[in-house]
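Here's the structure, in structure tokens; my notes come after.
2 protein chains.
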Amino acid sequence: MERKRIAIVGVGLIGGSLAIRLHEKKISSRLIGVDANKEHEQKALELELVDEVMSIDDAIAASDVVVLAIPVDKLVDLLPSIMDKINNQVVVDLGSTKSQLINAISNHPKRGRYVATHPMWGTEYSGPQAAMRGAYENKAVIICNPEESDADALEWVKYMYKKIGMHLLEMEAKAHDLHAAYVSHISHITSFALANTVLEKEKEEQAIFELASAGFESTVRLAKSNPAMWVPIFMQNKENVLDVLKEHIAQLNRFRESIEKEDNEYLLKLIGDANKIKRIIK
Amino acid sequence: MERKRIAIVGVGLIGGSLAIRLHEKKISSRLIGVDANKEHEQKALELELVDEVMSIDDAIAASDVVVLAIPVDKLVDLLPSIMDKINNQVVVDLGSTKSQLINAISNHPKRGRYVATHPMWGTEYSGPQAAMRGAYENKAVIICNPEESDADALEWVKYMYKKIGMHLLEMEAKAHDLHAAYVSHISHITSFALANTVLEKEKEEQAIFELASAGFESTVRLAKSNPAMWVPIFMQNKENVLDVLKEHIAQLNRFRESIEKEDNEYLLKLIGDANKIKRIIK
């Protein structure tokens, strides 16, 4: 496949890490960075994540492909105007929610040039300095409503994701948002709430620092994640997130009850049930 | 320091991993395994975690040090009778709760021979086959109520933990149980409840398997932990665990409220607060 001129809008963790991979895998002939944050643009240049930075309009004009790696609220705001400005470019986004975004341009005359995706990769860090090598590899990427994209646009996006080592899944946006609530969004809420619990209750921070086990670190790791990214995800996926969150609170109340009543049998059963996650997560 | 004959009661993850370290660091001249589970005893021999296996009475008689690495309910049952049987041996336990155990033998004439400890190390796996090299290193170990132990017993136990690379902290049992609820026990409940939530809501297990991100895996990892170990920990530390668990449920309800009301500002604040965990966990 011929190398493309690729604009990356949002040169933070997600866009910056993709830029590294696009170059590494010889997918791009030129990498153009765009970021609303001028310090991030400078940092992306300095780290050589991209070859140059431009305004969004110039970047669209100078590219074959426009990759959008910005928070999902910004995506919903920006995507329609980007679709207005393109000629025949491919536009692909990497956002964590899909329904609102797809609805926002479902009647756009150039809808076919857009491919909606969600690569299941990230870390709890953010910004261009968090961009890392080897990202995305061996993870899943979900392509939503593929039948609404032009065949050539879809083909190129699939080529890109395969080339960087991802395995492809196709899904309707509604199903995507439901599954994402289970396997990603709820984990973040749990972790944020756990951090707040411990910070609220444990006034001796030195004790947390000294005693924190690997277990605690692993459950609280996601609590470092960027609010500007996560607030809009939870809001856009409100119904699914609330549904799973209510179930999670109900499950925690079962643990509370079993301990309050010193009901060993019930607590054994609850933990035994939880152990079944071994079937799914190695 | 002269090498000791060491009996390890409970040759699972915790005892087995310690056995590996004791040999590696030339702390033991002989390692004797004891386990209520005969298959575990055979496995520990086969894996060469210990040199031989014996009944508990024979093991006490043949040792200079008795290490107890069994669930905390079994510890409370067994420790008084072990204290009855020793002459001048050092007895040390590695349990995750300390108050009940220390209370159980506080008036024993040989109380001084016992040292109460909690090394902050573990994995979500269990049994002798889960024992691993390099365990305990660079982690904290808490020694509880050190003033109640004989000087020579305390000195040897500190020597052992330093030699295997741990950093020592001293704490009263009551304070230990409180801190342990914050930095370890609540993480396990969160993770168990998260596993149950997802298993309850997400009937398409294939979807979890394919989509699970690194974030989900890290928050749900502890849900694989052994019920026989964790039920007694939660029950023995009931008051502290319930206190933290109630706070955690309250924190989750704040997330729920902010999303229900689409209160972006409040949700931003909650996540911003959670981000403060960065001060403590790198």
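In order, the protein sequence lines correspond to chains A and B. Here the first sequence stands for residues 1 to 282, numbered as in the working numbering. Here the second sequence stands for residues 1001 to 1282, numbered as in the working numbering. We put the CB at the ideal spot given by N, CA and C, even for glycine. Owing to the predicted nature of the structure, the values given are computational and were not obtained by experimental measurement.
Spatial neighbours of residue 1163 of chain B within its chain, please: C-beta separation below 7 Å, excluding the five flanking residues on both sides. 1025 and 1027
Within a Cβ cutoff of 6 Å, which residues of the same chain sit near residue 17 of chain A, ignoring the five residues on either side of it in sequence? 131, 132 and 135
Cross-chain neighbours of residue 1120 of chain B in chain A, by beta carbon under 7 Å: 211 and 213
Mapping the DSSP letters down to three states, classify residue 150 of chain A as helix, strand or coil. coil
Let's see if you can read the secondary structure: which residues bound the beta strand (DSSP E) around residue 1142 of chain B? Residue 1142 of chain B: member of the beta strand (DSSP E) spanning 1140–1144, first to last residue.
Looking at the C-beta of residue 17 of chain A, does it have a partner C-beta in chain B at a distance below 8 Å? no
Distance between residue 92 of chain A and residue 52 of chain A (C-alpha atoms, nearest Å): 20 Å
So is residue 1174 of chain B in contact with chain A if we call contact Cβ pairs under 8 Å? no
Go ahead and label residue 1114 of chain B buried or exposed: buried means 16 or more other beta carbons lie within 10 angstroms of its beta carbon, across all protein chains shown. buried
When B/1185, B/1278 and B/1265 are compared against residue 1236 of chain B, the one with the closest alpha-carbon: Selected option, being the one with the closest Cα: B/1185.
Does any CB atom of chain B fall closer than 8 Å to the CB of residue 145 of chain A? no
DSSP state of residue 1119 of chain B, grouped into three classes? strand
Helix or strand or just coil, what does DSSP make of residue 1244 of chain B? Correct three-state label for residue 1244 of chain B: helix.
Thinking C-beta only, is residue 1182 of chain B closer than 8 Å to residue 66 of chain A? Remark: C-beta atoms of residue 66 of chain A and residue 1182 of chain B do not approach each other more closely than 8 Å.
Give the single residue among A/222, A/116, A/203 and A/217 whose Cα lies nearest to the Cα of residue 1281 of chain B. With distances taken between Cα atoms, residue 1281 of chain B lies closest to A/217.
Taking 7 Å as the cut-off, is the CB of residue 191 of chain A close to at least one heavy atom of the ligand MG? For the structure depicted, the ligand MG is absent and the ligand set is empty, with no information on it obtainable.
For the region 1142–1156 of chain B against the region 1039–1050 of chain B, are there 3 or more C-beta pairs whose distance is under 8 Å? no
For residue 1097 of chain B, tell me which candidate among B/1211, B/1011 and B/1179 has the shortest Cα-Cα distance. B/1179
For residue 36 of chain A, tell me which candidate among A/172, A/11 and A/48 has the shortest Cα-Cα distance. A/11
Whether residue 1094 of chain B touches residue 1123 of chain B by CB criterion (8 Å): no
I believe residue 142 of chain A touches residue 169 of chain A by the beta-carbon criterion, under 8 Å. Please report the beta-carbon distance rounded to the nearest angstrom. 5 Å
Ranges of the alpha helix (DSSP H) found wholly within the region 1163–1232 of chain B, counting only runs of at least 4: 1173–1180, 1186–1201, 1205–1211 and 1214–1220
For the putative contact between residue 72 of chain A and residue 56 of chain A, defined by C-beta atoms under 8 Å, what is the C-beta separation to the nearest angstrom? Incorrect: roughly 17 Å between the Cβ atoms, too far for contact.
Could you give the first and the last residue of the continuous alpha helix (DSSP H) run that contains residue 1278 of chain B? Residue 1278 of chain B -> no alpha helix (DSSP H), and no H or E assigned at all.
Determine which residues of the region 1039–1070 of chain B have a Cβ less than 8 Å from any Cβ of chain A, and write them out in chain order. none
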